[in-house]
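Listed in order, the protein sequences are those of chains B and A.
Anchor point for the first sequence: position 63 equals 106 in the numbering used here, and the numbering is continuous, going up by one each time.
Anchor point for the second sequence: position 60 equals 62 in the numbering used here, and the numbering is continuous, going up by one each time.
Every residue, glycine too, gets a C-beta built ideally from N, C-alpha and C.
All values reported here derive from a predicted model rather than from experimental measurement.
What follows is a set of notes on a single structure, which appears directly below.
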Amino acid sequence: AQKITQTQPGMFVQEKEAVTLDCTYDTSDQSYGLFWYKQPSSGEMIFLIYQGSYDEQNATEGRYSLNFQKARKSANLVISASQLGDSAMYFCAMREGETSYDKVIFGPGTSLSVIP
Amino acid sequence: NAGVTQTPKFQVLKTGQSMTLQCAQDMNHNSMYWYRQDPGMGLRLIYYSASEGTTDKGEVPNGYNVSRLNKREFSLRLESAAPSQTSVYFCASSQWAAGGLKQFFGPGTRLTVL
Numbered sequence: 044a045q046k047i048t049q050t051q052p053g054m055f056v057q058e059k060e061a062v063t064l065d066c067t068y069d070t071s072d073q074s075y076g077l078f079w080y081k082q083p084s085s086g087e088m089i090f091l092i093y094q095g096s097y098d099e100q101n102a103t104e105g106r107y108s109l110n111f112q113k114a115r116k117s118a119n120l121v122i123s124a125s126q127l128g129d130s131a132m133y134f135c136a137m138r139e140g141e142t143s144y145d146k147v148i149f150g151p152g153t154s155l156s157v158i159p
Numbered sequence: 003n004a005g006v007t008q009t010p011k012f013q014v015l016k017t018g019q020s021m022t023l024q025c026a027q028d029m030n031h032n033s034m035y036w037y038r039q040d041p042g043m044g045l046r047l048i049y050y051s052a053s054e055g056t057t058d059k060g061e062v063p064n065g066y067n068v069s070r071l072n073k074r075e076f077s078l079r080l081e082s083a084a085p086s087q088t089s090v091y092f093c094a095s096s097q098w099a100a101g102g103l104k105q106f107f108g109p110g111t112r113l114t115v116l
């Protein structure tokens, strides 16, 4: 069963606007973590942001913030003030918990296109 | 620091051939991973290693073997390559730091099996 769901295969956003990329996950662990990665057309994987399940505040890194709703098991990525260079694939990933020794699995991804 | 390095960058194999993909990291990280990425899809975990001397299966381990040779190196072996193993293979390493677990990826190996 898929543990990470990204329901938006493709998204478009106007330059300078904010955009939210959805991610829902499934785990029975109490301790886990959520990641977001960016993969531009060059193929490299770029770490964006991390949220631990016990973190009380939503994680932020520059223009990226993670909207963590634990009860809903969602970890949406918000990109503020979109730039043309934000056009890429975005992957949500999860570190499973206490007994999985940093095992990290990925969702299917969302393709984001920023329109000038 | 070179970060995570992978060799080779490209490889073409015939069905039934074997090969080993090499991965090394110079960041003294404990955990290392092998993923595959098929066109238009996300990364799927093949194997991971939480520390030197330990390996665990991921989501798609069939057809692969791994070796955690030492803390730096984590190799992936295809004993008898099949066309279904045509993919881009990424190696990664991770370490806990302020702010949580951080993963670092290599540039990938593009493998084609004919």
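Query	Result
Short CB-CB distance (under 7 Å) between Y50(A) and chain B	yes
Bridge-paired residues (DSSP) for N119(B)	N110(B)
Segment contact flag, the segment 125–139 of chain B with the segment 67–86 of chain A, C-beta cutoff 8 Å, min 3 pairs	no
Test: G102(A) CB closer than 7 Å to a CB of chain B	yes
Contacting residues, own chain, Cβ-Cβ under 6 Å from V157(B) (five flanking each side not counted)	V56, E58, S125, L127, D129 and S130
Bridge partner(s) assigned by DSSP for A4(A)	The partner list for A4(A) (beta bridge, DSSP) is empty, contrary to what the question assumes.
Cβ neighbour criterion (16 or more within 10 Å) applied to T111(A)	buried
Separation of E60(B) from R70(A), as counted between CA atoms	45 Å
Residues that I148(B) contacts on chain A, provided the C-beta gap is smaller than 7 Å	L47 and E61
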